[in-house]
Structure formats: structure tokens, C-alpha cells
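This is the structure in C-alpha cells:
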């Protein structure tokens with residue numbers, strides 16, 4: 176019995192010690208796995224979203240830099256090559272047996288005509304590759320075109336020019352969508368606490384408008400510098416070989432509104448000596464390096480515009496629906512009222528480059544890229560070059576580029592003023608300049624007119640900056656839903672492509688006819704835009720197509736489909752009452768919030 180009592184006492188002593196050991200192990204495990212005593216969850220969250228915001232800023236700057244490099248290389252190379260091709264001696268000595276003039280005409284046709292079909296494939300291309308990779312692909316095509324100039328033959332220049340024409344609209348649509356998405360992401364990362372607390376509520380109207388204004392302003396301020404950088408090959412290389420104005424303009428009798436088509440009497444020989452092939456290869460290699468740098472900037476520095484699941488959902492609505500939606504969006508009265516403004520934006524920078532300089536008619540295809548540059552070159556040819564000579568063309572375009580870059584920042588006034596003020600200010604500047612140019616014809620070979628011509632180029636840049644930046648901001652304000660943005664920017668730049676095609680057709684018209692068409696287009700554009708703003712202020716019904724629900728495959732990789740990408744971050748709601756209205760939304764309470772946007 177004593178032994179049994181002793182054994183019970185020993186067991187009682189062992190049991191507490193075992194419990195103490197288990198508690199000690201759990202304590203050690205909690206210390207190892209649990210949060211650090213100095214860990215501050217709120218502070219770490221702030222650091223995380225600060226890094227996210229810096230990443231968005233990096234993406235915007237990188238996309239702006241890539242666009243600037245791409246167009247600097249492209250416009251600079253074409254300006255240089257087409258001046259060389261214009262010279263009779265250069266063509267006869269280097270390319271007498273390949274009919275270079277005929278090749279240039281076909282290249283011009285490829286770049287101007289091909290974008291007319293862009294509405295059919297641009298949304299499919301952007302959805303298939305994604306926004307970032309569509310930008311990368313388009314910039315790669317530009318680099319391919321630069322490389323084709325190493326060996327100038329029909330089978331290198333013409334196919335690459337057609338490829339360039341095919342990616343004009345996709346590049347601009349993807350860039351516009353990318354900047355819009357970055358503005359919306361930045362808003363999300365700034366207001367992440369509100370997003371967590373009000374996860375199921377819509378963001379307030381105009382929630383991310385400030386960031387749309389700022390990011391679009393940054394993009395266009397950088398991009399307009401491409402007109403300055405594009406003049407570097409001419410300033411540092413080609414100007415050393417050009418004749419002075421007394422030779423090139425010897426037979427020119429009339430300038431400005433008195434001229435018809437290409438500048439009559441312009442000398443067919445503009446080079447006093449031919450550049451060596453080695454020097455040309457060095458210049459082209461530098462431009463090729465800049466084109467590759469633009470590709471690397473997009474590849475390395477630009478992040479994705481959408482999360483992977485969002486891109487999957489956007490593709491899985493069906494390729495047939497993706498093909499149809501751009502056409503269906505055109506039924507929206509807001510877009511229809513903006514069509515004349517889109518067309519005019521395709522004319523106006525074209526004007527600075529085609530009436531003010533020789534490169535417009537002789538080298539019209541150099542600037543057809545952005546729906547603006549070619550017509551501008553016409554004005555530079557018939558006004559600027561006619562009075563100051565070809566050797567000062569680069570400085571006229573640099574004045575335009577610097578002015579446009581600086582004055583793009585004026586769009587920031589939309590943070591405090593109503594959104595129509597910058598657009599109307601740009602239209603007013605251009606209307607005054609168009610009337611001035613219609614009534615004034617400069618004297619040939621008269622350098623005393625240089626200050627006035629530089630002032631006109633700078634003022635035109637101011638109007639162009641307000642026009643381009645204002646339209647992109649306006650579209651961002653009206654259409655915030657991420658599923659619609661690529662369609663909207665595709666429509667915008669497709670209408671610019673139609674303007675390019677129109678300019679290509681009218682190249683032989685008298686200057687007065689061109690100025691009259693531009694002024695009429697501007698008046699109609701301003702009138703329809705103001706009428707659109709009035710309708711929006713009246714809260715008139717809009718007719719937007721319903722975005723179909725994603726249709727996920729039943730085989731292969733699956734992910735959580737329910738609410739997989741409904742972030743509620745676009746300020747317009749991602750659900751569109753599909754059960755009630757299976758075809759389209761027509762009532763104000765069923766539309767995204769931006770559809771009820773008020774004037775200002």
C-alpha cells in the first residue's frame with residue numbers, strides 16, 4: 176500500500192511538470208511564428224502602398240519617355256531621308272536604277288491608307304497581347320522600320336511602311352489606355368483605406384479626375400519634346416550639306432495663300448555635297464540604338480496595366496464581342512458629337528508641318544504618324560521654308576515642339592476650371608492663326624519675317640497642346656470604366672487616321688482651300704462639342720453597349736470566377752444590371768457614374 180501511495184504521489188509530481196513543458200513549447204512557438212513585437216501593421220501598409228504609388232509614377236514616366244524616343248527616332252529619320260531622296264543628284268548617284276521616287280510614293284500610300292482599317296483589328300490586338308505588350312509590339316515595328324533604312328529597297332521600305340501604318344492606331348490606343356489605367360491605380364493606392372472600408376460602394380463621381388489630368392499632362396509634355404529631338408539629325412548632320420535659301424528658293428515667286436500644292440519653283444537640288452555612306456550609317460545606327468532603348472524602357476520599366484485575372488476576364492468576353500464593341504460605342508451621343516473634334520485634331524499639327532515647311536508635301540509621309548503632323552508641315556513649307564529657307568526648318572519645328580511641351584502644362588488648369596476651357600482656348604488660338612494665315616502671304620527669301628514665323632509656330636504649338644491634352648483628359652473623364660477604355664481610345668485615334676487619309680488625298684489643293692477646310696472643321700468641332708456638354712449637363716440618356724460577362728472555359732487552369740476582378744476602383748461600378756437589361760444600358764441609373772458627368 177505504501178508503494179502505491181508513493182507511486183501516486185510521483186505521478187502527481189510528473190503531471191504538472193509535463194504541463195509546464197507543453198506551455199513553454201507553445202510560448203516559444205508563438206514567439207517564433209507570431210508577429211514581431213516591434214511590427215506596426217499600419218506603418219507597413221503605408222510603406223507598401225507608397226511603393227505602389229512610386230511604381231505607378233515610374234510607369235507613367237517610362238511610357239512617356241518611350242513614346243518620346245520612338246517618335247523622335249521615327250520623325251527624325253524620315254525627315255532626313257526624305258530630304259535626301261528629294262535631291263535629284265542624290266537619287267541619280269546612289270539609286271538611279273531602283274526608281275526611288277516611286278518607292279517613296281508607295282511608302283506614303285502604305286502609311287496613310289493602312290490605318291483606315293485599324294478599327295477592325297486594334298481592340299482585338301490590344302486584348303490579345305495586353306496593353307503593355309501591344310505598346311511593346313508597336314514600338315518594335317517602328318524599330319523595324321528604322322532598320323529597313325540601312326538597305327533602301329522596295330522589298331524593305333514598302334512592307335515596313337505598311338507595318339507602320341498598321342500599328343499607328345494600336346500604339347496610340349494602348350498608350351492612352353495605359354495612362355488612364357495608371358491614373359486609376361494611383362487613385363486606388365492613395366485611397367486604399369477608403370477602398371477597404373467602403374469595398375462594396377461606388378467611388379464618388381470625379382474621384383480620379385485629378386490624377387487623369389495630371390498624368391495626361393505629364394505624358395503630352397514629354398511627348399511633344401519628340402518634335403524637338405527629331406531635329407537633332409538635321410541640326411547636327413544634314414544642315415552641313417544643304418544649300419542656302421538663295422539657291423533652293425531662287426525660282427520661288429509666291430508663298431503662303433498664293434501657293435498651290437507643293438511649293439512651286441522649289442529647287443530640285445538642295446544638297447551642295449553628298450553625305451558619305453559611312454556617316455549616314457553612323458547616324459542611322461544612333462537612331463536605331465534610341466529605338467531599341469525605347470523598347471527596353473517599355474519592357475523593363477513599364478508595369479502591367481491590369482492584373483493577370485483582369486486581362487483574362489477582358490479577353491474571355493469573346494472575340495466576336497470585342498470586334499463589335501467599338502462600333503456599338505459609336506452610338507453614344509457623346510462620342511458622335513466629338514467626331515469633328517477628333518478629325519480636327521488630326522488636321523492641326525499636320526498643318527504646322529506641311530504648310531510651314533518643305534517636308535510636308537515633298538515628305539508628307541514623315542509626319543503622318545500622329546494624326547497631326549503632316550498638315551502642319553504643309554504650312555511650314557508654304558510659309559516658313561518659303562521665307563526662311565530649308566536650313567531653318569529644324570528651328571521652326573523646334574519652336575513648335577518646345578511651345579507644345581511647355582503649354583501642355585496649361586491643361587492643369589482643368590483642376591480648378593471647367594474642363595471645356597482649355598479646349599476652347601486652343602480652338603480660339605488656332606482660329607485666329609488660320610484667319611491670319613489666310614490673309615497673309617510672306618515674301619520669298621525674306622529673313623526679316625523670321626520673328627513672326629517663329630511666333631506663329633510657337634502659338635500653333637500652344638493650341639495643339641491644349642487640343643491634344645484636353646481631348647485625352649475629356650475622354651478619361653467621360654469613360655472611366657476599364658473595360659471600355661481601349662475601345663474609346665481606338666475610336667479617337669481611328670478618326671485621326673481618317674484625317675490623315677484626307678490630308679493625303681488633298682495634298683494638291685491650293686493653300687486657301689486647305690485653310691478654309693480647316694477653319695470650317697474647327698467651327699463645326701467647337702459647336703458639336705459645346706452641344707455635347709450641354710446635353711451632358713441636362714443628364715440626357717446615353718446609349719452604351721453592355722459589356723458581356725466573362726465566359727471562362729471549363730477545362731484547364733481555373734481560378735475563382737466570382738468577383739475575381741471586381742475592385743470597384745473605377746468609380747463607375749463594374750456591374751451593369753445584366754439580368755435586367757441583357758442588350759444595352761439606356762437609363763441613367765443603370766450607367767456608370769461618369770455617364771452622368773456634369774459640365775465642368
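In this note's numbering, the protein residues as written are 176 to 775.
We treat Cβ as the ideally placed atom computed from N, Cα and C, and that holds for glycine.
In this structure, the alpha-carbon of residue 576 lies about 17 angstroms from that of residue 566. By the criterion of a C-beta distance shorter than 7 angstroms, residue 332 is surrounded in its chain by 278, 282 and 323, once the five residues flanking it on both sides are discounted.
For residue 260, the closest alpha carbon among the candidates 396, 406, 450 and 595 is that of 450. Here the alpha carbons of residue 242 and residue 637 stand approximately 20 angstroms from one another.
At a Cβ-Cβ threshold of 9 angstroms, residue 667 and residue 646 count as neighbours. The beta carbons of residue 639 and residue 523 sit closer together than 9 angstroms.
Sorting 687, 464, 622 and 631 by C-alpha distance to the C-alpha of residue 321 places 464 at the top. By the beta-carbon neighbour count (other beta carbons within 10 angstroms, threshold 16), residue 405 is buried. Annotation: the continuous alpha helix (DSSP H) that includes residue 267 extends over 263–270. According to DSSP, residue pairing for residue 685 in a beta bridge involves 435. Contact between the region 656–676 and the region 487–505 is established, with three or more Cβ pairs separated by less than 8 angstroms.
A buried status is given to residue 485, since no fewer than 16 other beta-carbon atoms sit within 10 Å of its beta-carbon. Membership of residue 582 in the alpha helix (DSSP H) is indicated by the continuous run 568–582.
DSSP places residue 642 inside the alpha helix (DSSP H), whose first and last residues are 625–653. Ranked by Cα distance from residue 726, the first of 222, 712 and 494 is 494. Shown here for residue 410: same chain residues with a beta carbon closer than 6 angstroms to its own, the five before and five after excluded, namely 569 in chain order. Burial is judged here by how many other beta carbons sit within 10 angstroms of a residue's own beta carbon; residue 695 has fewer than 16 and is exposed. DSSP, read as helix, strand or coil, puts residue 446 in strand.
Less than 9 angstroms divides the Cβ of residue 353 from the Cβ of residue 306.
Bounds of the alpha helix (DSSP H) holding residue 287 are 275–288. Looking at the DSSP output, residue 417 sits in a beta bridge with 446.
The Cβ-Cβ distance between residue 477 and residue 234 falls below 9 angstroms. The Cβ atoms of residue 393 and residue 239 sit closer than 9 angstroms to each other.
When C-alpha distances from residue 388 are compared across 364, 358 and 416, the shortest belongs to 358.
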